[in-house]
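Q:
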Amino acid sequence: MLIAMMSDIHSNREAFEACLHDARSRGAERLFFLGDFVGYGADPVWVVDTAMELVAGGAVAIQGNHDNAVSDFREELNAEAEVAITWTRGQLGPEARQFLAGLPMRFEEDLRLFVHADVQNGRRWHYIDSPEAADRALESCSAQAVFCGHLHRPALYGITATGRITSFRPVSGVAIPLPRHRRWLAVLGSVGQPRDGSPAASYVMLDTGKNDITYHRVPYDVDGAATKIRLAGLPYKLAERLGKGR
Numbered sequence: 001m002l003i004a005m006m007s008d009i010h011s012n013r014e015a016f017e018a019c020l021h022d023a024r025s026r027g028a029e030r031l032f033f034l035g036d037f038v039g040y041g042a043d044p045v046w047v048v049d050t051a052m053e054l055v056a057g058g059a060v061a062i063q064g065n066h067d068n069a070v071s072d073f074r075e076e077l078n079a080e081a082e083v084a085i086t087w088t089r090g091q092l093g094p095e096a097r098q099f100l101a102g103l104p105m106r107f108e109e110d111l112r113l114f115v116h117a118d119v120q121n122g123r124r125w126h127y128i129d130s131p132e133a134a135d136r137a138l139e140s141c142s143a144q145a146v147f148c149g150h151l152h153r154p155a156l157y158g159i160t161a162t163g164r165i166t167s168f169r170p171v172s173g174v175a176i177p178l179p180r181h182r183r184w185l186a187v188l189g190s191v192g193q194p195r196d197g198s199p200a201a202s203y204v205m206l207d208t209g210k211n212d213i214t215y216h217r218v219p220y221d222v223d224g225a226a227t228k229i230r231l232a233g234l235p236y237k238l239a240e241r242l243g244k245g246r
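Our numbering puts the sequence shown at residues 1 to 246.
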């Protein structure tokens with residue numbers, strides 16, 4: 001089965017549409033969303049409405065920190081993110097807010113664990129940004145493979161049977177086997193606000209039959225998404241960074 005996994009959409013309709021189209025064209029049979037539907041971007045209503053429709057049709061969705069911040073005013077965000085989430089609260093209706101607030105923190109299936117950020121700390125939202133962080137996350141659970149977002153940069157880590165952790169650099173379109181004698185942690189990258197130097201949206205396809213994953217980078221209308229951010233009166237930095245992938 002082919003499962004398309006996406007994270008950190010961040011109210012970017014153009015990027016989300018592009019990734020959904022790309023995933024479907026590659027034969028995706030299921031959709032998993034690993035949090036942060038909202039924040040930063042200018043299309044929270046469309047993104048959340050689309051997510052609700054997909055979840056009603058069988059997609060899996062979990063909660064990210066920006067999703068939680070819509071209803072939890074204690075959530076700590078940086079200055080630009082706080083401005084964006086305050087604006088987002090005013091855009092979303094009760095049903096959308098209830099949907100985001102009710103999303104689970106994790107989903108487990110077939111020795112695979114899907115979370116937004118760190119495995120062990122829940123709403124502390126720690127980044128998996130190093131081999132050491134990946135090692136701690138894998139040590140805190142029993143899953144053979146962990147999939148997460150939050151970092152906005154794609155990454156892959158593996159632990160051997162002897163406990164040695166190694167990192168792999170994903171290449172777009174190149175399948176990476178996940179042999180079961182190792183344990184794995186995959187960071188998906190971001191659909192709506194990549195931060196690895198490439199503006200292209202990022203998502204990952206999991207082939208459960210072959211037990212491999214493929215990272216995909218998808219071009220989209222960056223200028224259109226950035227223009228919407230400016231017209232909405234959101235911080236210009238949020239628009240400018242889309243074209244830089246930073």
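Ideal Cβ placement from N, Cα and C applies to all residues, glycine included. Since this is a predicted model, take the numbers as computed values, not measurements.
Grab the span of the beta strand (DSSP E) containing L231 for me, first residue to last.
A: As a first step, residue 231 is located in the sequence shown; it is residue number 231 there, counting from the start. L231 -> not in any beta strand (DSSP E); alpha helix (DSSP H) instead, spanning V222 to L231.
Q: Ends of the beta strand (DSSP E) at F99?
A: Position 99 of the sequence shown, counted from the first residue, corresponds to residue 99. Looking at the DSSP string, F99 is not in any beta strand (DSSP E); the run it does join, the alpha helix (DSSP H), is P94 to A101.
Q: Residue range of the beta strand (DSSP E) that C148 falls in?
A: The residue given as residue 148 occupies position 148 in the sequence shown. Looking at the DSSP string, the run of the beta strand (DSSP E) that includes C148 is A145 to C148.
Q: So, are the CB atoms of I3 and R30 less than 8 Å apart?
A: Counted from its first residue, the sequence shown places residue 3 at position 3. Counted from its first residue, the sequence shown places residue 30 at position 30. Yes, the Cβ-Cβ distance between I3 and R30 is below 8 Å.
Q: In terms of alpha-carbon separation, which member of A155, H150, Y157 and N211 lies closest to R180?
A: For the purposes of this step, residue 180 is taken as residue 180 along the sequence shown, with counting starting at 1. The shortest C-alpha separation from R180 is found at N211.
Q: So, using beta-carbon positions, are S71 and L34 closer together than 8 Å?
A: Taking the first residue of the sequence shown as position 1, residue 71 is located at position 71. Taking the first residue of the sequence shown as position 1, residue 34 is located at position 34. No, they are not a contact pair.
Q: Assign H21 to buried or exposed, taking buried as 16 or more other Cβ atoms, counted over all protein chains shown, within 10 Å of its Cβ.
A: Working through the sequence shown from its first residue, we reach residue 21 at position 21. So H21 ends up on the exposed side.
Q: For the region 35-78, which segments carrying the beta strand (DSSP E) assignment without a break, of at least 3 residues, lie completely within its bounds, in sequence order?
A: List check, beta strand (DSSP E) in window: nothing returned.
Q: Rounding to the nearest angstrom, what Cα-Cα distance links W87 and A161 in this structure?
A: Sequence index remark: in the sequence shown, residue 87 carries index 87 (1-based). Sequence index remark: in the sequence shown, residue 161 carries index 161 (1-based). The straight-line gap from Cα to Cα measures roughly 48 Å.
Q: Among Y157, R124 and E82, which one has its Cα closest to the Cα of E139?
A: In the sequence shown, residue 139 corresponds to position 139, counting from 1. The residue with the shortest Cα to Cα distance from E139 is Y157.
Q: Do you know how far the Cα of F73 is from the Cα of Q98?
A: Reading the sequence shown from its first residue, position 98 is the one you call residue 98. Reading the sequence shown from its first residue, position 73 is the one you call residue 73. Their backbone Cα atoms lie some 15 Å apart in a straight line.
Q: Under three-state DSSP, which class holds I165?
A: Here residue 165 refers to the residue found at position 165 of the sequence shown. Strand, per DSSP.
Q: May I ask you to report which of helix, strand or coil DSSP gives L242?
A: Your numbering for residue 242 matches position 242 in the sequence shown. In the structure shown, L242 sits in a helix (DSSP, three-state: H, G or I).
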